[in-house]
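A short worksheet on the structure shown next.
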Amino acid sequence: MAVSLYQTGVSGLLAAQQHLATTGHNISNVNTDGYTVQRGEQAASIGDTSGRNYIGTGTYVSDISRVFSSFTYKEQTVTANNASYSSKLSSQLNELDQTMSIYGGQVESSLDNFYRSLHSISDKPEDTSLRKMALDQAQTITNDIKNLQGRITGTQKLINNEFSQMADRISMLAVDISKINSKISSSYSENNVGQNNDLLDQRERLLSELNELVKVDTVTDKSGVMTVMIGNGKTLVAGITPLSMYVTAGDPDPSENQLAISNGKSTLSLEGSYLGGQLGALADFRGTHLKRASSEIDLLAVGISQTINQSQSEGLDLNQLQGTDIFSDINSGALPTERVLAHSANNVSNPTPLIAQVTITDVSQLSTDEYEVIYDGANYNLNNLTTGASNTLGVIGAGPFTLPGLGFQFEENSGTPQANDRFLVRPLQNSAERMNIELKDPQSIAASSPIDVTANDNNVSSGSVTISKVTDPIAARTQVMATFPSLTVDVYEDNLSPGIFQYRVFDTSSPPPAAPLASGSYLTGGTATVALSGYEIEITGKLSGLGTDAREKFVIGDAFGVGNGNNMLDMAGTQNSSVLNDTQTFSQFLTSSVSVVGSEAASLESQLETDVAMANQAISRHQSISGVNLDEEAANMLKYQKAYQASAKVISIANTLFDTILSSLR
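Residue numbers (our numbering): 285 to 950.
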């Protein structure tokens with residue numbers, strides 16, 4: 285019995301010793317990040333038979349396990365990933381907001397100065413110094429738009445660098461996790477005992493860091509070896525085998541780096557928008573917010589260039605020549621072909637791949653949407669990647685292909701496509717970067733209008749005839765000068781058909797019944813647009829003279845003069861024209877672009893506060909279960925100390941009893 289009591293005491297002593305060691309280990313790691321509190325699982329030893337009874341033989345520690353809640357850990361992982369995503373996206377949006385506010389403000393200021401200079405020229409068109417000032421202001425607009433776009437491009441390059449750095453770090457974490465998996469597997473298979481709790485904590489610390497970079501899911505087998513998946517289920521660590529993440533040049537746009545993972549034999553592309561964490565935030569920021577801002581700057585550059593150039597082409601300069609482009613032509617040089625990016629797979633087996641281009645036809649209809657053209661073997665099909673809309677363009681050789689409302693056309697340059705060839709179409713690509721000043725000579729600013737319309741002094745109605753469009757000011761002026769002062773427009777309300785207005789355009793030196801240059805009719809409330817040589821006139825209103833079929837008359841005459849600033853006044857008026865999206869002025873469009881980014885940044889700030897609060901709450905809940913509580917550990921230390929002392933007393937008593945037996949035998 286003494287020997288049995290001795291063994292029982294020793295078992296209690298050893299159990300208390302393990303509990304004390306575990307408690308001390310907990311206390312020592314109270315400040316260790318990611319440490320999970322450990323507890324000894326104690327059980328009674330199987331008793332021995334003694335006659336008709338079983339006598340207990342003591343105790344043992346069956347396992348040292350972690351106090352771990354998979355539910356709170358999962359909650360902590362999800363909320364931490366969300367907070368990491370929101371934090372990174374919020375940071376990027378705040379930087380973009382500052383960029384758009386500061387450098388966008390510079391663009392708006394230079395636009396205002398440019399238009400003020402145009403108004404000054406309209407007042408004094410003969411003043412060469414004012415003309416030079418306008419060209420200087422135009423150059424400032426170009427510089428400021430390029431500077432703003434350059435900041436956006438610089439941000440994209442920084443994101444590409446961050447992609448590379450994060451991919452490298454993720455690959456290193458994958459290697460480290462696989463090594464711990466290997467150690468856990470070895471300890472399990474060799475000893476067939478419980479798992480190494482501190483190795484599990486190390487692995488979770490690595491997973492926590494990985495979870496900040498990318499969304500993480502895990503599956504653990506019975507031996508404790510973990511498979512790690514990222515994003516939408518792509519395997520990063522397969523047990524003891526790590527995969528590598530790396531960055532590749534974008535396809536079809538090499539400037540937009542793409543992510544992939546590889547096991548050394550095969551490669552799998554990763555969709556950035558599904559990655560979550562900081563990496564997913566960068567991908568979403570680049571693919572949505574940064575791309576939209578860049579496209580809007582390009583659209584602004586296209587709108588300004590085309591609008592000012594169009595207005596310039598409608599007038600005459602000081603040398604009586606048609607105005608030439610102030611800004612670079614939006615369809616010149618390499619721009620049209622740069623707007624179409626072919627996927628690399630298109631050229632694999634095609635010796636003469638299709639080279640295509642996009643030409644802008646109507647700035648007011650352009651949007652920042654991106655498109656994809658796919659040749660299906662019979663037709664070209666255009667898919668809007670932003671809205672999802674799809675349209676058939678036509679067969680090979682039937683171009684240029686135009687769809688109503690898009691503002692551009694797709695054209696084949698050379699080569700032929702093969703079935704399933706794909707082309708990314710960006711109608712605004714590089715427009716801000718390629719924006720330049722073409723006009724250098726101040727005298728070449730076309731301030732003067734070529735022709736004008738003068739109402740007859742005897743007219744009594746409120747209707748009007750105006751020059752609505754000039755396509756060729758030289759041809760327009762030539763026609764007018766050849767007939768001046770005889771080119772006449774007369775309009776009257778048909779007495780037999782009230783509400784119908786008849787008009788004629790004719791040379792009074794050869795009046796009707798000779799054939800007029802143009803004639804027709806329009807209804808009350810309507811207008812008539814009449815195309816003439818190099819220009820168009822618009823007839824509006826109730827043009828009725830006094831008396832039956834009385835005619836209201838207008839004379840189209842030569843308007844050129846050094847002191848004529850009417851075309852410059854029209855150009856200055858484009859400041860208030862709804863050019864972009866067919867609804868917004870340049871200033872309104874720029875203000876909207878800046879405010880949208882600011883609004884998104886503010887919204888993300890609010891979302892970030894919520895996500896951080898939820899993450900902190902999840903951490904607190906998990907720590908309340910798995911974290912070290914010093915008060916609890918101190919109580920345990922006293923409890924196990926007393927158990928140790930009591931077990932030592934049992935051993936002492938057993939020893940005394942054994943000595944008594946020995947003494948009785950002497």
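The beta carbon of each residue, even a glycine, is placed where N, CA and C say it ideally should be.
Supposed contact pair residue j and residue i - C-beta distance, whole angstroms, cut 8 Å
i	j	result
Ile721	Phe611	6 Å
Gly340	Thr292	7 Å
Thr320	Ser910	5 Å
Leu554	Ala544	6 Å
His953	Gly324	In the structure as shown, the chain starts at 285 and stops at 950, and residue 953 therefore has no counterpart that could be examined.
Met510	Thr504	5 Å
Gly747	Val775	7 Å
CB contact flag (residue i, residue j, <7 Å)
i	j	result
Val345	Ala300	no
Ala451	Tyr530	yes
Gly296	Thr361	no
Gly523	Gln479	no
Pro727	Leu602	A small fix is needed here, since residue 727 is Gln in this sequence, not Pro. Against a cut-off of 7 Å, the Cβ pair of Leu602 and Gln727 comes out as a contact.
Gly691	Phe768	no
Ser715	Val586	yes
Leu563	Leu497	yes
Val789	Leu780	no
Ser528	Ser455	yes
Asn615	Ile644	yes
His403	Ala856	yes
Ser406	Met417	no
Leu838	Ala739	Just to set this straight, residue 838 is Phe in the shown sequence, not Leu. Contact: yes.
Ala629	Pro526	no
Ala567	Asp895	no
Beta bridge counterpart(s) of residue i as assigned by DSSP
i	result
Leu402	Answer by DSSP bridge pairing: none, since Leu402 is not bridged.
Phe707	Ala626 and Val657
Arg788	Asp774 and Ser803
Pro536	Beta-bridge pairing links Pro536 to no other residue.
Leu552	Ile545
Thr511	Val503 and Ala522
Val531	Leu543
Glu836	Val775
Tyr664	Tyr659 and Gly678
Ala812	Ile823
Thr963	There is simply no residue 963 to check, as the chain begins at 285 and stops at 950 in what is shown.
Cβ-based neighbour list, residue i, same chain, cut-off 8 Å, excluding 5 preceding and 5 following
i	result
Val287	Bear in mind that the predicted position of Val287 carries a pLDDT of just 48, short of 50, making it unreliable; the figure below should be weighed with that in mind. Answer for Val287: Ala938 and Phe942, listed in chain order.
Ser805	Asp778, Ile784, Phe785, Gln786, Tyr787 and Ala812
Gly681	Glu696
Ser745	Gly825, Lys826, Leu827, Ser828, Gly829 and Glu836
Asn631	Pro637
Gln322	Thr306, His309, Asn310, Ile348, Ser349, Arg350, Val351 and Asn481
Ile330	Thr341
Thr974	What the structure shows of the chain is the stretch from 285 to 950, and residue 974 is not part of that stretch, so it cannot be assessed.
Gly515	Val498, Lys499, Leu554, Glu555, Tyr558, Leu559, Gly560 and Gly564
Leu677	Val657, Asn663, Tyr664, Asn665, Leu666, Gly683, Phe685, Leu687 and Phe694
Chain-order list of residues whose beta-carbon lies under 6 Å from that of residue i (same chain, five-residue window excluded)
i	result
Gln542	Thr532 and Gly534
Leu619	Arg718
Pro684	Gln693 and Glu695
Arg710	Arg623 and Glu654
Arg905	Thr356
Asp537	Leu625
Asn667	Glu656 and Ser674
Val846	Glu410
Asp428	Gln390, Val391 and Ser394
Met285	Its pLDDT being 47, under 50, Met285 is placed unreliably in this model, and the coordinates cannot settle the point.
Val912	Asn310, Val314 and Val321
Lys333	The amino acid at residue 333 is misidentified as Lys; the sequence shows Thr. The answer is none, since no qualifying residue turns up.
Close Cβ partners of residue i (< 7 Å) along its chain, the five nearest in sequence each way excluded
i	result
Ser375	none
Asn238	The chain is shown from 285 up to 950; residue 238 falls before or after that span and cannot be answered.
Val764	Ile735, Leu771, Ile840, Gly841 and Asp842
Lys518	Ile545, Leu552 and Leu554
Arg489	Asp317 and Gly318
Gln891	Ser370
### Task
Evaluate contact between the region 902-920 and the region 304-320, counting only Cβ atoms and requiring at least three cross-stretch pairs below 8 Å.
yes
### Query
Touching or not, the region 750-770 and the region 726-738, by the rule of three or more beta carbon pairs under 8 Å?
yes
### At least 3 beta-carbon pairs within less than 8 Å: the region 871-881 vs the region 377-388
yes
### Query
Can you find at least 3 beta carbon pairs, one from the region 569-580 and one from the region 448-463, that sit closer than 8 Å?
no
### Task
Say whether the region 852-864 touches the region 589-608, bearing in mind that this needs 3 or more beta-carbon pairs closer than 8 Å, one atom from each stretch.
yes
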